[in-house]
Amino acid sequence: MSTTGLKVLVIDDSNTIRRSAEIFLKQGGHEVMLAEDGFDALSKVNDYEPNLIFCDILMPRLDGYQTCAIIKRNAKFSSVPVVMLSSKDGVFDKARGRMVGSQDYLTKPFTKDQLLQTVQQFGTAK
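As numbered in my numbering, residues 1 to 126 make up the sequence shown, in order.
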């Protein structure tokens, strides 16, 4: 079953990560929306209604855990998979991500294959 054409939101304060994620996802045939931080993301989630969200943990103002928790508290988006992004591959980070409702954890820098594999694993078109 092909799950191409998903709407993916990538939240990261690093321009480099956002750009590489956008390129990889577009090559995989997906639509991409980018957000620079949690506040930016929250307004975009509502308008864009993504099928899958990648969310960086360490961001200014609103971190990834807070952003994920707020998204998951909204009934409209509680079933949207959220995958945390972090440069640390820590057990504590993974556990904390699960506590706020994230489905998985991807360590940065990620490869195109890792990113697209994750999309395929969690992304389901509505």
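Using N, Cα and C, we set each Cβ at its ideal position, and we do this for glycine too.
Residue from the options whose Cα sits closest to the Cα of residue i
i: Ala75; options: Phe92, Pro60 and Asn46; result: Asn46
i: Leu62; options: Pro109, Phe39, Lys7 and Val100; result: Phe39
i: Arg73; options: Phe54, Asp13 and Leu42; result: Leu42
i: Gly97; options: Leu58, Arg18, Ile17 and Met33; result: Leu58
i: Phe110; options: Ala95, Thr16 and Ser78; result: Thr16
i: Asp56; options: Ser78, Thr107 and Lys112; result: Thr107
Supposed contact pair residue j and residue i - C-beta distance, whole angstroms, cut 8 Å
i: Ile71; j: Val82; result: 6 Å
i: Leu52; j: Val80; result: 7 Å
i: Leu115; j: Ala21; result: 6 Å
i: Pro60; j: Asp93; result: No, Pro60 and Asp93 are not in contact; Cβ-Cβ is about 18 Å, not under 8 Å.
i: Val10; j: Phe54; result: 5 Å
Residue i (DSSP reduced to helix, strand or coil)
i: Pro109; result: coil
i: Asp63; result: coil
i: Met1; result: The predicted position of Met1 is uncertain, since its pLDDT is 39 and thus under 50; no value can be drawn from it.
i: Ala75; result: coil
i: Asp89; result: coil
i: Asp40; result: helix
Residue i - partner residues in DSSP beta bridges
i: Cys55; result: Ile11 and Met84
i: Glu31; result: Lys7
i: Asp104; result: Val83
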